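Here the structure comes first, spelled out in structure tokens, and everything after it is commentary.
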Amino acid sequence: MFFDIEPERQADSTEMDLTIRTCKSATFGSTSDETLSRSPVQPPRDPFFWALFSTILLLMVLSFTSNLFLTIVLARSSFKNICRSFYKIMLLFVATIVVNSASDIVCMVYFEGMRYTSTVLRDITLLVSLVAYYYTTALIFLLGLNRFGVFCSPRVNNFIMKSKTLHIVLGVLFVLSILASVVVHRLTGFATSFQQDGRMNTARNTVFITISNYIFYTFPLISTGFYIICFISLRSKRSLASTGKTISLLDKAEKSTLKQGIVILSFYLLPLVAHFIHCLTPCADDYDVIISRVEMACSIAAQLTIPLTAVPNGVVSELGKKRSTKKPQRQYPNPTPSTERITDITQGKRIDARVSDG
């Protein structure tokens, strides 16, 4: 998610005239609820707008349903037998996406599609989007740090990713995300307006909010660096493995780690490049609309694909195993394809090809 910020503009004469007439009518009690809730009369949209609108709305609904399903699966598994830090972070990540997707769907349908206006609802959805943006960005950083602690630095894993410490970190990050959202909203005058061709983000203090966005945008890129380090570390252990099973598990761990890192890098780097092109290239309004929609689509695609690449099929299929008549054995799903701890003794060295975070 990347915000294209423009300086706050003054209302044109038509909007000012409508506001004055609405206030006068409200004073004398002659204004209907529909007059107060509808935005100024605008010309009908063209098919191009509805094509982009439908595509984005479809992606939002798909993101909402898939992440809602993952939230239910992870929550149910967590209450039963999963005590691993990776899935605690991922559970909060997908749950936050569910709330944000629901808020975005309301904005798309109510404000852009139906052209209604509501100051209270607009502010609420704006704050939800800001909190979700900051919090999910921090969670993506923690996901990369978690993989780094598991495969490269047991000290980091023991210091941060243990249950009580992790709960404190997650709670503090959530509170900081709320505070950052409120501060950005109040100090910069950040607001969202819905126009003929879509939504537009405006702010009085564009420098402050731009700096804050770039700071938070570095977190996913740093997380990608953690994944790359993990991949290199796993690759270096290949020469020490002697059995085919150990090599097979290392291959799966490498592919899973590399896939997660590439997905995060791709879907966070692409909207950043589109944003730079948008800022540096003077273009027509239609091109601005397309770039804005591309950035929004990339953001939704990241919300959709990151959980699906990080959560293996074993977690999703675990619900089916729980319904078995036989008492199932206790299992610990993992972000990589296996949960076994493989030890190899080669030339007096103990190779720990763990794919769990303990």
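8 is the number of the first residue of the sequence shown in our numbering; add one for each residue after it.
By construction, the Cβ of each residue, glycine as well, lies at the ideal position given by its N, Cα and C atoms.
Keep in mind it's a predicted model, so treat the numbers as computed, not measured.
Query                                                                                                   : Result
Local conformation of N208 per DSSP, three classes                                                      : strand
I167 versus L65 - alpha carbon distance                                                                 : 38 Å
Spatial distance of V163 from F148 (CA atoms)                                                           : 14 Å
Distance, L311 Cα to S73 Cα                                                                             : 7 Å
Length of the line joining the Cα atoms of S136 and T103                                                : 10 Å
Classification of M115 by the beta-carbon crowding that lies within 10 angstroms, buried from 16 upward : buried
Contact set for V106: own chain, Cβ-Cβ below 8 Å, skip 5 residues either direction                      : V135, A139
Which of helix, strand or coil DSSP assigns to S125                                                     : coil
Proximity winner among F71, A308, S188, S92, relative to Y275 (alpha-carbon distances)                  : A308
Same chain, Cβ closer than 7 Å to T126, neighbours up to 5 away in sequence not counted                 : none
Option nearest M303 by Cα separation, candidates L277, I239, L152, K266                                 : L277
Pairwise C-alpha distance: I222 and P161                                                                : 28 Å
Sheet register partners of A4 (DSSP bridge)                                                             : There is simply no residue 4 to check, as the chain begins at 8 and stops at 365 in what is shown.
Residues near D111 by beta carbon distance below 6 Å, same chain, minus five either side                : M67
Three CB pairs or more closer than 8 Å across the stretch 176-196 and the stretch 210-224               : yes
Inter-stretch contact (C-beta, 8 Å, three-pair minimum) for the stretch 226-242 and the stretch 260-269 : yes
When L315, V280, S255 are compared against Q267, the one with the closest alpha-carbon                  : L315
Contact under 8 Å by Cβ, I271 with I313                                                                 : yes
Buried versus exposed call for R83 [16 or more other C-beta atoms within 10 Å across all chains shown]  : exposed
Beta-carbon proximity list for L150, same chain, < 6 Å, skipping 5 on both sides                        : I96
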